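Chemist:
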């Protein structure tokens, strides 16, 4: 019951059932802690983990994995290091892929990439989740070359990347302005691995092309996407049009944006700025008037 409620996000119900148990064993504690981690309530998950220890219930591999992931979500590196030290002393999960993945994930999210690297290189066979955690960590810390080198190593090791891996790689390319590599990885995603790009992958590629001024290619992607372009995508197009001085395309993107949501003030502000930068002040005033009438 606790596990069911927790998985459904009904944490209050899960706690209620848990509090009524006469015997709270490791399974029930794990279910409650895992539920809080799944619902991104890392702080509460760690409190429960400490309460479990206080009540004399010994942690299991699952417990440690959940606690480490909780540390990663809230950047609690000190608690994460403490748990890691406990694992070293006890020998629990020394070569366990779930523990290893959770440690890499925790250190990566906390920005401790040297520690993440150390743990990663001690694992006999890192799985896709572990590779992805490390790649994402380096990408988020703007260590683009290292992130992409790990991605290439992952592929050479025969580990299949998933959609999250590719999103991290595309994000890394976006931050570094690596247009050719970004497009290459975007193509590889479905040609080599049969993975369908999601709206997030499309959005990332659109942003990359926009930053690089490849507006024609950008619009080709926008027109080919199997999804309805989102407001964020149209705003990215407008931002690129402002940067590169393309008033005509900027207006087209603006019209598409307000079709999605005529009350989105960012679209009006961006269009007014496009006109103002082009010296078209009367047009900019018209857009400002439209903002006031919405």
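Numbering (this note's numbering), first residue to last: 1341 to 1634.
Cβ atoms here follow ideal geometry from the backbone N, Cα and C, with glycine treated the same way.
Values in this document were obtained by computation on a predicted structure and should not be read as measured data.
On the CB-based measure, 16 or more other CB atoms within 10 Å of its CB, does residue 1610 come out buried or exposed?
Modeler: As a first step, residue 1610 is located in the chain shown; it is residue number 270 there, counting from the start. Counting Cβ neighbours within 10 Å, residue 1610 comes out buried, since at least 16 surround it.
Chemist: According to DSSP, is residue 1597 part of a helix, a strand, or is it coil?
Modeler: Mapped onto the chain shown, residue 1597 falls at position 257. Looking at residue 1597 - three-state DSSP - the assignment turns out to be helix.
Chemist: Compute the distance between the beta-carbons of residue 1630 and residue 1615, then report whether it is under 8 Å.
Modeler: Here the question's residue 1630 lines up with position 290 in the chain shown. Here the question's residue 1615 lines up with position 275 in the chain shown. Not closer than 8 Å, so no.
Chemist: In the structure shown, what three-state DSSP assignment does residue 1481 receive?
Modeler: By 1-based counting over the chain shown, the position of residue 1481 is 141. The answer is coil: DSSP assigns residue 1481 none of H, G, I, E or B.
Chemist: Can you give me the start and stop residues for the alpha helix (DSSP H) that residue 1440 sits inside?
Modeler: On the chain shown, residue 1440 is found 100 positions in, with the first residue counted as 1. 1437 to 1449 is the extent of the alpha helix (DSSP H) around residue 1440.
Chemist: With respect to the alpha helix (DSSP H) encompassing residue 1557, which residues constitute its N-terminal and C-terminal limits?
Modeler: On the chain shown, residue 1557 is found 217 positions in, with the first residue counted as 1. 1555 to 1564 is the extent of the alpha helix (DSSP H) around residue 1557.
Chemist: When you compare the CB positions of residue 1515 and residue 1482, do they come within less than 8 Å of one another, or not?
Modeler: Here residue 1515 refers to the residue found at position 175 of the chain shown. Here residue 1482 refers to the residue found at position 142 of the chain shown. In contact: residue 1515 and residue 1482 (Cβ atoms closer than 8 Å).
Chemist: Do residue 1388 and residue 1342 count as a contact pair if the criterion is CB distance below 8 Å?
Modeler: For the purposes of this step, residue 1342 is taken as residue 2 along the chain shown, with counting starting at 1. For the purposes of this step, residue 1388 is taken as residue 48 along the chain shown, with counting starting at 1. Not a contact, by the Cβ cut-off of 8 Å.
Chemist: So what does DSSP say about residue 1570, is it helix, strand or coil?
Modeler: Counting from 1 along the chain shown, the entry for residue 1570 is found at position 230. Coil at residue 1570, not helix or strand.
Chemist: Using only the alpha-carbon positions, how far apart do residue 1415 and residue 1592 sit?
Modeler: If you number the chain shown from 1, residue 1415 lands on position 75. If you number the chain shown from 1, residue 1592 lands on position 252. Computed Cα separation, rounded: 42 Å.
Chemist: Output yes or no for whether 8 Å exceeds the beta carbon distance between residue 1419 and residue 1386.
Modeler: In the chain shown, residue 1419 corresponds to position 79, counting from 1. In the chain shown, residue 1386 corresponds to position 46, counting from 1. Yes, Cβ-Cβ distance for residue 1419 and residue 1386 is below 8 Å.
Chemist: Rounded to whole angstroms, what is the Cα-Cα separation between residue 1543 and residue 1573?
Modeler: For this step, residue 1543 is matched to residue 203 along the chain shown. For this step, residue 1573 is matched to residue 233 along the chain shown. Their Cα atoms are separated by approximately 6 Å.
Chemist: When DSSP labels each residue in this structure, what does residue 1533 get in the three-state scheme?
Modeler: Translated into positions along the chain shown, residue 1533 becomes position 193. Coil, per DSSP.
Chemist: Using a Cβ-Cβ cutoff of less than 7 Å, which residues in the same chain neighbour residue 1533 once the five nearest sequence positions on both sides are dropped?
Modeler: Looking up residue 1533 in the chain shown gives position 193. Counting only Cβ-Cβ distances below 7 Å, and skipping sequence neighbours, we find 1500, 1501.
Chemist: How long is the line joining the alpha carbons of residue 1401 and residue 1353, rounded to whole angstroms?
Modeler: Start at 1 with the first residue of the chain shown, and residue 1401 comes out as number 61. Start at 1 with the first residue of the chain shown, and residue 1353 comes out as number 13. Distance between the alpha carbons of residue 1401 and residue 1353 is about 25 Å.
Chemist: Taking the straight line between their C-alpha atoms, what separation do you get for residue 1453 and residue 1511?
Modeler: To locate residue 1453, count along the chain shown from 1; it is residue 113. To locate residue 1511, count along the chain shown from 1; it is residue 171. Cα to Cα, the separation comes out at about 18 Å.
Chemist: Just checking, does the segment 1619 to 1626 make contact with the segment 1596 to 1604 on the three C-beta pairs under 8 Å criterion?
Modeler: Touching, no.
Chemist: For residue 1382, which of helix, strand or coil comes out of DSSP?
Modeler: Looking up residue 1382 in the chain shown gives position 42. Three-state result, residue 1382: helix.
Chemist: For residue 1448, collect the residues of the same chain with a Cβ closer than 7 Å to its Cβ; drop the 5 residues on either side in sequence, then sort them by chain order.
Modeler: As a working mapping, residue 1448 is identified with position 108 in the chain shown. Taken in chain order, the residues that qualify are 1456, 1473, 1474, 1476, 1477.
Chemist: I need the straight-line Cα distance from residue 1577 to residue 1601, nearest angstrom please.
Modeler: Indexing the chain shown from 1 puts residue 1577 at position 237. Indexing the chain shown from 1 puts residue 1601 at position 261. Those two C-alpha atoms are separated by around 16 Å.
Chemist: Are residue 1555 and residue 1530 closer than 8 Å when you measure CB to CB?
Modeler: On the chain shown, residue 1555 is found 215 positions in, with the first residue counted as 1. On the chain shown, residue 1530 is found 190 positions in, with the first residue counted as 1. Not closer than 8 Å, so no.
Chemist: From residue 1427 to residue 1467, what does the alpha carbon distance come to, in whole angstroms?
Modeler: Along the chain shown, read from residue 1 onward, the residue named residue 1427 stands at position 87. Along the chain shown, read from residue 1 onward, the residue named residue 1467 stands at position 127. Each residue's Cα considered, the two are about 20 Å apart.
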